Every structure is written in structure tokens, then in C-alpha cells.
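Reading the sequence shown from the start, the letters are residues -29 to -1, 1 to 409 in mature numbering (1 follows the signal peptide of the UniProt record, and there is no 0). Comments concern the structure below.
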Amino acid sequence: MPLILTRRTASGLLAGVASSLLLPRSSFAQDQYFNVKPGSNFKPVNVAVTQFAGDAGPNIASIISNNFSRSVFLAPVDPGRFPQQISNPDQAPQFDGWKAIDTQFVVTGRSGAGDGGRLQTEFRLWDVNSGAQVAGQQYVTDPNNSRRVAHIISDAIFSRITGEKGFFDTRVAFVDETGPAENRRKRLAIMDQDGANVRYLTGGQDLVVTPRFSPSSQQITYMAFGAGDPKVLLLNIETGQRQVVGNFPGMEFSPRFSPNGQNVVLSLEENGVTNIYEMNIASHASTRLSNSSSIDTAPSFSPDGSQIVFESDRGGSQQIYVMPASGGDAQRISFGEGSYSTPVWSPKGDYIAFTKQKTSTFAIGVMKPDGSGERILTEGFHNEGPTWAPNGLFLMFFRDPGGESGPHIFMIDVFGRAEFKVPTPSYASDPAWGPLLG
């Protein structure tokens, strides 16, 4: 269902013209208010999300506040501490009262039925220190899109305060798991990044693993175990159309899109040896990128498409290697104690996330593309499968305690400051974070 919003966007899901409340568009280009990078004196910015006016207002404000509570960098102020109730969201708040409770920003707004039954929502962001409105926009859409509007507002505020891209208006593909441990039913599913709006994309007849989004967010590639050899499939999320990616002999796995969305890189096992191939989706022409007698798998492109990171046991244990996107010599970049797997390049290009196993401990960590600066973000049993938010500031992964229990999805920031469980209807694994929708 298309949105009609008063902001300019390149997505086919959103359409509209640029507009803001009392602010020229250039006001959004001002310097960020604080630095999100690591620091011993880091403190999140306190943001008060006041109750929005209008019938739909309380729900919109609740979603925004919930988003901020998991954002690490923004901390929603407890409504019980508010020094005033906002009766007119167009008027400036009483800044002295907000300063007294150490609030840096106040969000006001309204949301309700407009012309033709459309949902009309607007917000204003007030800087308590300067006493100025620093952001404000209006959105008009179908009422069924109210959650997306709340996420889009959250992104606008997050970006205005931090200077970084938002991540709230995104979806996550994952594997929904139900049933006993010895006979799990695994379905491909998709949800909003906060766990809402779950939709099932497969019926559970085949076992599915490792979903991956295309850069356009319209397609997912994944691996399915059904009749015959396991195959890599391409699924159009909107139409439900499926197609097999290539027709290789042997077993295909670990598919992932190239940054331009035109190719898929995957692993192919033949006679006990696994190598990495790239295939053009339109022509099905394939190119072999690695040529070793070992197991090379889990390839992931750098965001500029020039390099591929992958895992290999060519040195005797699972380690991380980087090679040119066209193939050729690979350089090992992991040298810590233990084995490394599931590498994935950050959308910013500054880090590579990985799973690290040492004895019975499984850790999620990051390192720079040259292997330096390794940092463990979380560890325990059994963590696996990191996936990046589109702004490169957050990761999701899944943790499986084993036994009769099952896996759940968790979210953590790239500096390891806070970790959150992502709500899902049942057990869930293999998260894949999609690009921004707007």
C-alpha cells in the first residue's frame, strides 16, 4: 500500500513532495549534536517524546519512544518526570522545566484523520538548550501505514540528533522455528525491525536457512532443503514469485547479493571441496572466484563491490580471508585464538562482523577490514549469524541455548554498549536486516 508523504524519496513505496514545518530543507544539514563513536564519557541524549494529539497520536508516540529505548544513543525520558503536558504541539515547550530534568530534546506532534480519511501526522523536534525548533515534517498516508510513519519520524529525529542515518524504517527476514527440537518446522518470515508485522513467506514444507536481502529490499535469496539437492532460491517479497538461482551440480549454499543487486555470490560444494562463485541473476552466467582444495564459504561483498570477505579452512582451521571481487589471491585477516566464521561487511565499510568460536564459547565481534582492532561485542552459548543494520551502527544475531529450547534473535550496537532481545512469535534464527524502505 503506497504512502503519500510530504518528503522527497526515491523509493517506489513512498511518494510526495518535500515539505517541512516552519523549517527550510537546508536546516537538516547542520552539524550533528554529538559523536556516536566510542568514548569513556559517552552518555545518550535524553529525548522526551510527548503524547501526540489526535486519535492516532498516542500510538505513534508510543512506537517512537519504544524505538528510542533500543537505540542506545537516544534515551526516552520517563513520562512520569515530564514538567508539563503539551496541549498545543505547535507551541514551543517551557524549556526551563525540561532543562531542570536534564532533557536535551522534546518531540511534539499530532496524528489523526485528515481529508478523505487519510492519516495526517506531523512532528516537531525542539532543542531545549537553544530554545529552537530544529526539525519538523508532515506526512499524509493511508491509516494502515501508521507504524511506518512512526518509524520514519524516528529515523528523522535519530538522524537530526546523531548525524547518522536511521534504521527504524526497515524489515528483517528470518527463519521462524516451531515444534520439538528433533522435528522443527522452519518457515521463512519477515517482520519490522522491532518485531511487529510478522508475515510468513514460505509454508514450512521445505527447510529454509540463510535468507539475505537484496539492496532494493524487494527480493530475498535463501537456501531451501526439499526434494532433491538443496537449492538457492530467489524470492520476490511483494509478488511471491520464486526462481532457482543457477543450475549448478552439487550443493549450493551461503547466497548473498552484490551491492548493485545484479549478481549473487554463493558457495558450491563438489566432491568434498567448496569454492565461491558469482552468478549474474539475469543471464545466469557464472564465474568461479576461488580455486582451492579446502572449504571456502560465507562470502560477503564490501559495500563498494571491490572485495569479498569469506571464511576458509585452507590454513587448517576456519579463518577469515579477503580477496578481490574478481577472485585471485586471498589474504588472511583473522589471527586470534579460536576459529572464525560467518563474516559480513558493514554497510559503512569500516568493519567486518564475525562469529568466533573458542572451546564452548561463541562470540559475535567486529574487526577492521585489515584484521586490526578486533573487538568482541557479546559471547556465550550459542551466538551466530551477525547481520548489519543499514546504518552500520547495529547488529542482529541469534542465540541458541540448545536442548529442548530454541534460538532467539538479539540486537546489539557496534560498540557493545547494550543488547536487546527482538520479540518474535516463536523461536527464530538466521536474521537478515534489510535496507531502509524510505
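We put the CB at the ideal spot given by N, CA and C, even for glycine. These numbers were taken from a predicted model, which means no experiment stands behind them.
Item                                                                                                                                                                                           : Value
If contacts are defined as beta-carbon pairs under 8 Å, then Phe53 and Ala32 qualify, I think. What distance do you get, rounded to the angstrom?                                              : Not confirmed; about 12 Å, so no contact.
If we ignore side chains and look at the alpha-carbon of each, how far apart do Ser42 and Glu390 end up?                                                                                       : 10 Å
What does the alpha-carbon distance come out to for the pair Gly336 and Ser305?                                                                                                                : 11 Å
Give the list of continuous beta strand (DSSP E) stretches no shorter than 3 residues that lie fully inside the segment 161 to 233.                                                            : 178 to 184, 190 to 196, 202 to 207, 213 to 215 and 222 to 228
Using the Cβ count rule (16 or more neighbours within 10 Å means buried), how would you classify His122?                                                                                       : buried
So, is Lys327 buried or exposed, given that buried needs 16 or more other C-beta atoms within 10 angstroms?                                                                                    : buried
Alpha carbon to alpha carbon, what distance is there between Phe94 and Phe(-2)?                                                                                                                : Reliability fails at Phe(-2), whose pLDDT of 35 lies under 50, so the model's placement of it is uncertain and the value that follows must be treated cautiously. Approximately 14 Å, taken between the alpha carbons.
Which word fits Arg259, buried or exposed, when buried means at least 16 other C-beta atoms lie within 10 angstroms of its C-beta?                                                             : exposed
Give me the Cβ distance between Leu408 and Ser188, rounded to the nearest whole Å; I'm assuming they're in contact under 8 Å.                                                                  : 6 Å
For Ser(-4), does the three-state DSSP call read helix, strand or coil?                                                                                                                        : The pLDDT assigned to Ser(-4) is 32, lower than 50, so where the model puts this residue is not dependable; a value taken from the coordinates is nonetheless given after this. Note: Ser(-4) maps to helix in three-state DSSP.
Between Thr330, Ala399, Phe138 and Gly166, which has its C-alpha nearest Pro378's C-alpha?                                                                                                     : Ala399
Could I get the ranges of all uninterrupted beta strand (DSSP E) runs contained in the segment 41 to 70, with 3 residues as the minimum, in chain order?                                       : 45 to 47
When the distance is taken between beta carbons, is Ala256 closer than 8 Å to Gln278?                                                                                                          : no
Pick out whichever of Arg142, Thr112, Gly150 and Ser185 has its Cα sitting closest to the Cα of Gly83.                                                                                         : Thr112
Mapping the DSSP letters down to three states, classify Asp2 as helix, strand or coil.                                                                                                         : Any answer about Asp2 is weak, because its pLDDT of 47 lies below 50 and its placement is not dependable; what the coordinates show is given next. Of the three classes helix, strand and coil, the one that applies to Asp2 here is coil, per DSSP.
Would you decide whether Phe368 is buried or exposed? Buried here means 16 or more other CB atoms lie within 10 Å of its CB.                                                                   : buried
Can the beta-carbon of Val293 be found closer than 8 Å to that of Pro270?                                                                                                                      : no
Between Ala24 and Pro47, is the Cβ-Cβ spacing less than 8 Å?                                                                                                                                   : no
Please check if any C-beta of chain C sits within less than 8 Å of the C-beta of Asp61.                                                                                                        : Protein chains in the displayed structure number just one, and chain C is not present.
Starting from the C-beta of Arg388, find all residues in its chain whose C-beta is less than 6 Å away, skip the five residues before and the five after it, and write them out in chain order. : Val43
For Thr79, which residues from the same chain have a beta carbon less than 6 Å from its beta carbon, with the 5 sequence-adjacent residues on both sides left out?                             : Thr21, Ile57, Pro60 and Arg95
Going by other Cβ atoms of all chains shown within 10 Å of its Cβ, with 16 needed for buried, is Arg142 buried or exposed?                                                                     : buried
How big is the Cα-Cα spacing for Ile383 and Pro357?                                                                                                                                            : 10 Å
Does DSSP put Ile124 in a helix, a strand or coil?                                                                                                                                             : helix
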